[in-house]
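Colleague:
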Amino acid sequence: MIAARKLLAAMLLFAGVPVLAAATLSLAAAAPAGEVDLLIRGGQVIDGSGGPRMQADVAITGDRIVYVGRAPVKAKKTIDATGQVVTPGFIDMHSHSEFGLAFDGRGLSKVTQGITTELMGEHLSAGPVLGPAVDDPMMVTPPVKRTWTTLGGFFSYLEKKGIGPNVVSYVGAGQVRASVMGYEDRQPTPAEMDKIKGLIRQGMEEGAAGLSAGLYYLPNSFFNTAQMIELAKVAASYGGIYTVHMRPGPGLSGLEETIAIAKGAHIPVEILHVGGSIAGNPDFAPMIEKARAEGVDITANAYPYTIGWTYVRQLLPVWAQLGDAAAITARLKDPANRARIVKELQQNPGQYKDYHFSSANLKYDGYTMQQVADRTHISPEEAMVDFLVEQKAEGFHIGPPNPAREQAVAESYKYPWVDIGSDGIALPAGVHTSFGRPHPRSFGGHARILADVVRNRHVISLEEAVRKLSSQAANRLSLHDRGLIRAGLKADVVVFNPDTVKDTATYDHPDQYATGISWVLVNGKAVVADSKPTNATPGRVLRGPGYKPGTP
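Here the sequence shown stands for residues 648 to 1199, where the numbers follow the working numbering.
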């Protein structure tokens, strides 16, 4: 019987069904005998299982839900949720909030959307930071003074500082490689490969959820498929998962490689930001569904926008991107290299002339490459190179929106294996950081799911959206005490009006908080109360399955 139950649980989990839901769909029979700390009364509970909403009250004591039902409950404090829905806290399955939270732990752009847990660490995790990686500008983001060298040290830094949302992190393959062998385009020696594996083991034991790789970016892309399988095996041995920004290439080659890694390492895989891939290639989703039918544990996430936000240097020819930031800058300063780069870019013109710079340098921030070129009487390609020289090879760009693809991207959420990741950063509004102008997804991605994908386009139901935002993500990360409105689970809770919840962040004005969300609780404490941030920092580091207590 026990074996049968375990098999059933595994089948439900693989199918994306919350394991806890099978046994606890009914309301609790008896109310708590004593007084609870907080009662959320009068709302419709969408419990995160994907099932229909129900009229119920939610009682909380300390950091846990203690009752869900309709019996009278005595409470020290009551929240009136009449006309609103009560849901589990949202989990952002793809963020870059390491230095955003190190800068301002409140995580305001995220908690105001109902996000109670941030998953970080895609390819450039906050640790380890060793060897050549120490001088990487991304690891010394002003005004944050980095005091850690390991992922465990970063976790301790956040816990001491205080954070609004909970955090989970991967250990990044690119970060580990840079710490061992810098940014050289060569194969690691056996000794270097052993060091890389050792650092992944260390990251898993310090609490990483798994291994991440950005095979679109250097130095991640220097790893070949066989090497990635070997690295993923290390994470798999600790019960971790593998997440990837797939390698670019013809057709479905990146997806084929991802499936090969999943099979070769026997590891669950989460593919990042697949909305554009599903919208742009009719064979993409069927290939994933075929792999899933064959037993490959593969899921994905997407954000509800048609354009991204990434490094300007990614637009350069590959040879011009080699090395660390100092090496790239020196290369760009050389007149012969500059001329070669400009010529190669002009031979393969793209949309980049309409891309907006995102930079702490206000001379560039918010302007397109064409606008800067016109102002300085040079070509857009020369403007790009000049920008990178001034910024020491750092800085970001955001492309022009493509309204014609919005419906197709939204349709990606119809697949039950697609969850939600913003690819954004936790930031306060009105603060000009070293990142420059953010993408609106940092302030509105999750709210946009509720407002646009659910309410305006009717692609999925509100119940299904909440499932994707909560229990589906929690199951993927083995967060077994979160993701559902259930007695005994942690009190990460959101209260919002489904008719008015809305993202207000735009490309021109990206740092505007979402509206329509009245209460957000993290571990039972309000981080949003009466639609306003409380500035509380009750978030915790949620360490992964390989964590060894006592590890720094």
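Quick reminder that beta carbons are idealized off the backbone N, C-alpha and C, glycines included.
If you measure between the beta carbons of Pro1048 and Thr1151, is that distance less than 8 Å?
Modeller: Against a cut-off of 8 Å, the Cβ pair of Thr1151 and Pro1048 comes out as no contact.
Colleague: Might you give, ordered along the chain, the residues of its own chain that have their beta carbon closer than 8 Å to the beta carbon of Pro779, omitting 5 neighbours on each side?
Modeller: The answer, listed in chain order, is Ala825, Ser826, Met828, Gly829, Tyr830 and Asp971.
Colleague: Quick one: Cα of Leu969 to Cα of Ser1108, how far?
Modeller: Those two C-alpha atoms are separated by around 46 Å.
Colleague: According to the neighbour-count rule (16 or more other Cβ atoms, all chains shown, within 10 Å of its Cβ), is Gln834 buried or exposed?
Modeller: Gln834 should be labelled exposed.
Colleague: Could you tell me the distance, in whole angstroms, from the CA atom of Pro790 to the CA atom of Thr872?
Modeller: The straight-line gap from Cα to Cα measures roughly 37 Å.
Colleague: Where do the N-terminal and C-terminal ends of the alpha helix (DSSP H) with Pro1027 fall, by residue?
Modeller: It spans Pro1027 to Glu1037 - the alpha helix (DSSP H) in which Pro1027 sits, taken as one unbroken run.
Colleague: State the beta-bridge partners of Thr946 as determined by DSSP.
Modeller: Its beta-bridge partners are Glu917.
Colleague: Using a threshold of 7 Å, is the CB atom of Glu1028 nearer than that to any non-hydrogen atom of the ligand FAD?
Modeller: Here there are no bound small molecules, and the ligand FAD is not part of this structure.
Colleague: Per DSSP, Gly727 forms a beta bridge with which residues?
Modeller: Here residue 727 turns out to be Asp, not Gly, going by the sequence shown. Beta-bridge pairing links Asp727 to Arg688.
Colleague: For Arg1088, is the classification buried or exposed, using 16 other Cβ atoms within 10 angstroms of its Cβ as the cut-off for buried?
Modeller: Counting Cβ neighbours within 10 Å, Arg1088 comes out buried, since at least 16 surround it.
Colleague: Helix, strand or coil, according to DSSP, for Gly698 in the structure here?
Modeller: Reduced to three states, the DSSP call for Gly698 is coil.
Colleague: I'd like to know if the stretch 1069 to 1083 and the stretch 732 to 743 are in contact, where contact means that at least 3 CB-CB pairs between them fall below 8 Å.
Modeller: Touching, yes, given that three or more Cβ pairs across the two stretches are closer than 8 Å.
Colleague: Rounded to the nearest angstrom, how far is the Cβ of Thr794 from that of Ile1164, given a contact under 8 Å?
Modeller: No, Thr794 and Ile1164 are not in contact; Cβ-Cβ is about 34 Å, not under 8 Å.
Colleague: May I ask you to report which of helix, strand or coil DSSP gives His1003?
Modeller: Correct three-state label for His1003: strand.
Colleague: Just the C-alpha distance for Phe931 and Leu899, rounded to the nearest angstrom, thanks.
Modeller: About 7 Å.
Colleague: According to DSSP, simplified to helix, strand and coil, what is Asn995?
Modeller: Coil at Asn995, not helix or strand.
Colleague: Could you give the distance in angstroms between the alpha-carbon of Arg848 and the alpha-carbon of Gly819?
Modeller: Approximately 12 Å between the Cα atoms of the pair.
Colleague: Using the rule of at least 16 other Cβ atoms within 10 Å of the residue's Cβ for burial, across every protein chain shown, is Leu1009 buried or exposed?
Modeller: Per the 10 Å Cβ criterion, exposed.
Colleague: Counting pairs of Cβ atoms below 8 Å between the stretch 719 to 733 and the stretch 1119 to 1130, do you hit three or more?
Modeller: Counting Cβ pairs under 8 Å, fewer than three are found: no touch.
Colleague: The beta strand (DSSP E) with Ile738 in it runs from where to where?
Modeller: From DSSP, the beta strand (DSSP E) with Ile738 extends over Phe737 to Asp739.
Colleague: Compute the beta-carbon to beta-carbon distance between Ile906 and Val943, rounded to the nearest angstrom, for a pair I have assumed lies under 8 Å.
Modeller: Contact holds; Cβ gap of about 6 Å.
Colleague: Using DSSP bridges, identify the partner residues of Phe1043.
Modeller: Per DSSP, Tyr958 and Ser1005.
Colleague: Does DSSP classify Ala1173 as helix, strand or coil?
Modeller: Here Ala1173 sits in strand by DSSP.
Colleague: Is DSSP giving Tyr1011 helix, strand or coil here?
Modeller: Coil.
Colleague: Near Ile693, what residues of its chain come up, given a Cβ to Cβ distance below 6 Å and the 5 sequence neighbours on each side ignored?
Modeller: So the list reads Arg700, Val732, Thr734, Glu1110 and Val1113, once near-sequence residues are dropped.
Colleague: Could you have a look at Gly799 and say whether DSSP puts it in helix, strand or coil?
Modeller: Helix, per DSSP.
Colleague: Between Val683, Asp751, Asp704 and Asp710, which lies nearest to Gln691 when the distance is taken from Cα to Cα?
Modeller: Among Val683, Asp751, Asp704 and Asp710, the Cα nearest to that of Gln691 belongs to Asp704.
Colleague: Between the Cα of Asp1158 and those of Val1100, His1079 and Leu1097, spot the shortest distance and give me the residue it belongs to.
Modeller: The shortest C-alpha separation from Asp1158 is found at His1079.
Colleague: So the beta strand (DSSP E) Asn813 belongs to, where does it begin and stop?
Modeller: Start and end: Asn813 to Ser816.
Colleague: Asp704 bridges to which residues according to DSSP?
Modeller: Looking at the DSSP assignment, Asp704 forms a beta bridge with Gly716.
Colleague: With respect to the beta strand (DSSP E) encompassing Glu765, which residues constitute its N-terminal and C-terminal limits?
Modeller: Residues Ile762 to Met767.
Colleague: List the endpoints of the continuous beta strand (DSSP E) containing Ala860.
Modeller: Ala860 -> beta strand (DSSP E) spans Gly857 to Gly861.
Colleague: Alpha carbon to alpha carbon, how far is Val891 from Thr796?
Modeller: In a straight line, the C-alpha of Val891 is about 23 Å away from that of Thr796.
Colleague: Could you tell me how far apart the beta carbons of Ala754 and Phe737 are, in whole angstroms, since I believe they sit closer than 8 Å?
Modeller: One point to set straight first is that residue 754 is Gly, not Ala, in the sequence displayed. The pair is not a contact, with the Cβ atoms about 12 Å apart (cut-off 8 Å).
Colleague: Between the C-alpha atoms of Leu992 and Gly695, what's the straight-line distance to the nearest angstrom?
Modeller: If you take the alpha carbons of Leu992 and Gly695, they lie about 48 Å apart.
Colleague: Pick helix, strand or coil for His1093, following the three-state DSSP scheme.
Modeller: In the structure shown, His1093 sits in a helix (DSSP, three-state: H, G or I).
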